[in-house]
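Residue numbers (this note's numbering), protein chains in the order written: chain A, 39 to 136; chain B, 70 to 432.
Worksheet: the structure to be examined is printed underneath.
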């Protein structure tokens, strides 16, 4: 998985590409934890994300909890397969998916 | 009629037959099927001692033919052999090919051998070719002559080693029809073949050969419609299998995924299906199962793709205490796995050291 971060004022946009799974989820978790300071809007761009597992969902849930306290988190460009994962796990109701 | 016990045939680089134990009864018509290299031809070549077994015994009509004192030529007269490559004498015409052995070995008069030869050529539909040389015959005709030649020795047992595999597809039918006629005459036949429909139609018994022996022995209905053992099922259903044994929680997950994707590409598994398979594996194994297994464990995982029905299934076998993975407290992982599956079933088992079996049909 590749993670590309762009900070624009208080908006952090994170572009993910590849697989967000058991092995790569901890990498995203670390990257996000290092970057929360001063961020009011966290935008996760999933256009190039091919695969998402429950390990990735857990990281997204943790991020959502942090952003609930300091602003908002938005997930963009979700493909059909990944949207299905959000739906069957009930994460559609917890996350903001545009 | 034939009794084989603990037959072993070892070559310097391979051991196609490790331990064969079967009995063949008079009048049996046996199709021998199985993957390449599983000793099908070796078995029938051992039965008439064209190959010398490394160990074990073969008894034919109460005589131990693997015994050095046995007069093998006498036994061979009871057995005819039909080869893939016909093996006709090209310098003799058709009827001479058929007459040679009865005259030389059975002591028949030329007239007697000739009359019988013509009669046999009639039964294989080639009486009009009696004076032709093999060169001018088609492959199918040559093989029919070879069968007539075998019958001229009045054998009790006929061994056929892939009799149609060297033939043009248009000629397979004519040779199969002749072999089917033989089967109806009450001769004991053993036929190595890759033609499954033929194997099924002709036989009263089928030997599925694999893993160093006759792996499964049953009626055609049992073997083709209701095979019981794992390798037979895979062979009959044209299953493509990707199998791994995992014994450490730190196994190479990335490597596993790469291999699984490669397996999918190689066997034309739709991308979405293989994606779901990978997803079920990650959720059930990585998230639900591995955290629950003891430090020392064995987990066998097999993905099987049936090309005929385009269905992918996954089976997990693991040792240790009985644990139904569907009872995991990890409901998120279970929801993802269930969404990607038609069904997830669990059974307690006790075989090959495994105590748990999870069978998943991937959507």
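Glycine included, C-beta positions come from ideal geometry on N, C-alpha and C.
Whole-number beta carbon distance between residue j and residue i, since they are thought to touch under 8 Å
{"i": "residue 66 (chain A)", "j": "residue 90 (chain A)", "result": "Incorrect: roughly 11 Å between the Cβ atoms, too far for contact."}
{"i": "residue 431 (chain B)", "j": "residue 409 (chain B)", "result": "7 Å"}
{"i": "residue 434 (chain B)", "j": "residue 307 (chain B)", "result": "Only positions 70 to 432 of chain B appear in the structure, and residue 434 (chain B) is not among them; the question remains open."}
{"i": "residue 18 (chain A)", "j": "residue 40 (chain A)", "result": "Since the first residue of chain A shown is 39 and the last is 136, residue 18 (chain A) is not available in this structure."}
{"i": "residue 102 (chain A)", "j": "residue 132 (chain A)", "result": "6 Å"}
{"i": "residue 127 (chain B)", "j": "residue 71 (chain B)", "result": "7 Å"}
{"i": "residue 267 (chain B)", "j": "residue 291 (chain B)", "result": "The Cβ separation is near 17 Å, so there is no contact."}
{"i": "residue 146 (chain B)", "j": "residue 174 (chain B)", "result": "7 Å"}
{"i": "residue 222 (chain B)", "j": "residue 296 (chain B)", "result": "Not really, about 36 Å apart at Cβ, beyond 8 Å."}
{"i": "residue 208 (chain B)", "j": "residue 236 (chain B)", "result": "5 Å"}
{"i": "residue 110 (chain B)", "j": "residue 261 (chain B)", "result": "5 Å"}
{"i": "residue 214 (chain B)", "j": "residue 157 (chain B)", "result": "6 Å"}
{"i": "residue 91 (chain B)", "j": "residue 73 (chain B)", "result": "5 Å"}
Below-7 Å beta-carbon distance, residue i vs any chain B residue
{"i": "residue 61 (chain A)", "result": "yes"}
{"i": "residue 127 (chain A)", "result": "yes"}
{"i": "residue 91 (chain A)", "result": "yes"}
{"i": "residue 120 (chain A)", "result": "no"}
{"i": "residue 123 (chain A)", "result": "yes"}
Neighbour flag for residue i against chain A, beta carbons, 7 Å
{"i": "residue 396 (chain B)", "result": "no"}
{"i": "residue 216 (chain B)", "result": "no"}
{"i": "residue 406 (chain B)", "result": "no"}
{"i": "residue 401 (chain B)", "result": "yes"}
Proximity of residue i and residue j at Cβ, strictly below 7 Å
{"i": "residue 230 (chain B)", "j": "residue 152 (chain B)", "result": "yes"}
{"i": "residue 289 (chain B)", "j": "residue 275 (chain B)", "result": "yes"}
{"i": "residue 313 (chain B)", "j": "residue 370 (chain B)", "result": "yes"}
{"i": "residue 387 (chain B)", "j": "residue 102 (chain B)", "result": "no"}
{"i": "residue 149 (chain B)", "j": "residue 239 (chain B)", "result": "no"}
{"i": "residue 203 (chain B)", "j": "residue 159 (chain B)", "result": "yes"}
{"i": "residue 352 (chain B)", "j": "residue 412 (chain B)", "result": "no"}
{"i": "residue 82 (chain A)", "j": "residue 52 (chain A)", "result": "yes"}
{"i": "residue 247 (chain B)", "j": "residue 216 (chain B)", "result": "yes"}
{"i": "residue 135 (chain A)", "j": "residue 120 (chain A)", "result": "no"}
{"i": "residue 97 (chain B)", "j": "residue 257 (chain B)", "result": "yes"}
{"i": "residue 87 (chain A)", "j": "residue 54 (chain A)", "result": "yes"}
{"i": "residue 130 (chain B)", "j": "residue 282 (chain B)", "result": "no"}
{"i": "residue 346 (chain B)", "j": "residue 385 (chain B)", "result": "no"}
{"i": "residue 63 (chain A)", "j": "residue 116 (chain A)", "result": "no"}
{"i": "residue 499 (chain B)", "j": "residue 194 (chain B)", "result": "With chain B running from 70 to 432 in the structure shown, residue 499 (chain B) is simply not present."}
{"i": "residue 79 (chain B)", "j": "residue 107 (chain B)", "result": "no"}
{"i": "residue 161 (chain B)", "j": "residue 183 (chain B)", "result": "no"}
{"i": "residue 349 (chain B)", "j": "residue 406 (chain B)", "result": "yes"}
{"i": "residue 77 (chain A)", "j": "residue 50 (chain A)", "result": "yes"}
{"i": "residue 433 (chain B)", "j": "residue 389 (chain B)", "result": "What is shown of chain B runs 70 to 432, which leaves residue 433 (chain B) out entirely."}
{"i": "residue 394 (chain B)", "j": "residue 368 (chain B)", "result": "no"}
{"i": "residue 285 (chain B)", "j": "residue 298 (chain B)", "result": "yes"}
{"i": "residue 265 (chain B)", "j": "residue 99 (chain B)", "result": "no"}
{"i": "residue 326 (chain B)", "j": "residue 374 (chain B)", "result": "no"}
{"i": "residue 383 (chain B)", "j": "residue 372 (chain B)", "result": "yes"}
{"i": "residue 199 (chain B)", "j": "residue 206 (chain B)", "result": "no"}
{"i": "residue 94 (chain B)", "j": "residue 125 (chain B)", "result": "no"}
{"i": "residue 343 (chain B)", "j": "residue 333 (chain B)", "result": "yes"}
Near the ligand PLP: residue i beta-carbon under 6 Å from a heavy atom
{"i": "residue 86 (chain A)", "result": "This structure lacks the ligand PLP, and indeed carries no ligand of any kind."}
### Task
Could you list the residues in the region 340–360 of chain B with a C-beta less than 8 Å from some C-beta on chain A, going in chain order?
The residues in question are 341, 344, 347, 348, 351, 352, 355, 356.
#### Entry: Members of the region 313–335 of chain B that neighbour chain A once the beta carbon cut-off is set at 7 Å
Under the 7 Å Cβ criterion, the region 313–335 of chain B contributes 322, 323.
### Query
Closer than 9 Å, Cβ to any Cβ of chain A: which residues of the region 360–371 of chain B, in chain order?
So nothing in the stretch comes that close.
### Query
Any residues in the region 108–130 of chain B with a beta carbon nearer than 8 Å to a beta carbon of chain A? Which ones, in chain order?
Result list empty, no residue passes.
### Start-end ranges of the alpha helix (DSSP H) lying completely within the region 154–215 of chain B, minimum 4 residues
Fully enclosed alpha helix (DSSP H) runs of 4 or longer: 163–174, 179–192.
### 3 or more residues per run - each beta strand (DSSP E) lying fully within the region 101–152 of chain B
The qualifying runs are 124–129, 148–151.
### Query
Quick one: complete beta strand (DSSP E) runs, 3+ long, within the region 303–345 of chain B?
Every beta strand (DSSP E) stretch that sits fully inside the region 303–345 of chain B and reaches 3 residues is listed by chain position as 308–315.
### Task
Identify every run of the beta strand (DSSP E) within the region 97–122 of chain A, keeping only runs that are complete inside it and at least 3 residues long; order them along the chain.
Counting only runs of 3 or more, we get 110–114.
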